[in-house]
Amino acid sequence: MTSTPAHRIPCRLFITHGFGEIRYSNSFSVDLTAPSPSLTEFFAGSNAYNPNLPHARCLFGATVLPSSTLVLYGGCLNGFRVGGPCPSYDSWRWRSGTWTRMSDYPTPRNYATLTQDPSSSVSTKALLYGGQETGLGVM
76 MTSTPAHRIP CRLFITHGFG EIRYSNSFSV DLTAPSPSLT EFFAGSNAYN
126 PNLPHARCLF GATVLPSSTL VLYGGCLNGF RVGGPCPSYD SWRWRSGTWT
176 RMSDYPTPRN YATLTQDPSS SVSTKALLYG GQETGLGVM
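Numbering (my numbering), first residue to last: 76 to 214.
Written out as structure tokens, the structure is:
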């Protein structure tokens, strides 16, 4: 059996959604092991409502699972002329160049944290922790 030298295993940083003067839904990745790391945009974004794409948002939770699957949940979709609930309860998965809407969570949240299930290094599950529901403060 051969192994891949550690310096050749890609270490990716994902940057997605957020806000400044407007809400964003662009998504980028950076291979941190590349000799000259640079941003690669893999989703140009959609500030207009489209039920097949994650709406522009901020204050959301996200994590990367094995096989470079990005999972995004909740956040604030309204403000800055883009509309939508705040907090929201929708969840999305980006894999192989495609966003797919997943099952909605039972409660909408801002400021939630997502992480890979620590019980398995090949986990396909994201764990949701904390967050803020409408008017209830931090859970």
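Even glycine gets a Cβ: it sits at the ideal position worked out from N, Cα and C.
G150 is positioned such that its CB atom lies closer than 7 angstroms to that of R132.
Every beta strand (DSSP E) stretch that sits fully inside the region 113 to 198 and reaches 3 residues is listed by chain position as 115 to 118, 136 to 140, 144 to 148, 166 to 170, 173 to 176 and 188 to 191. Around the beta carbon of N185, 16 or more other beta carbons lie within 10 angstroms, which makes this residue buried. T108 sits away from Q191, with the two beta carbons spaced by 7 angstroms or more. Apart from the 5 residues on each side of it in sequence, L140 sits with its Cβ closer than 7 angstroms to the Cβ of V146, Q191, S198, T199 and A201 in its chain, given in chain order.
Within the model, the alpha-carbon separation for T188 versus G206 is close to 7 angstroms. From the listed residues D106, S113 and H130, the smallest Cα separation to I97 is found for H130. DSSP places T108 outside both helix and strand once states are collapsed to three, so it counts as coil. Exposed is the label assigned to S142, since fewer than 16 other Cβ atoms lie within 10 Å of its Cβ. Separation of S166 and N127 (C-alpha to C-alpha, rounded to the nearest whole angstrom) is 12 angstroms. Relative to S102, the option among P181, D179 and R170 whose CA is nearest is R170. Residue range R87 to F94 is occupied by the beta strand (DSSP E) that includes G93. Linking D106 to T115 through their CA atoms gives a straight-line distance of about 9 angstroms.
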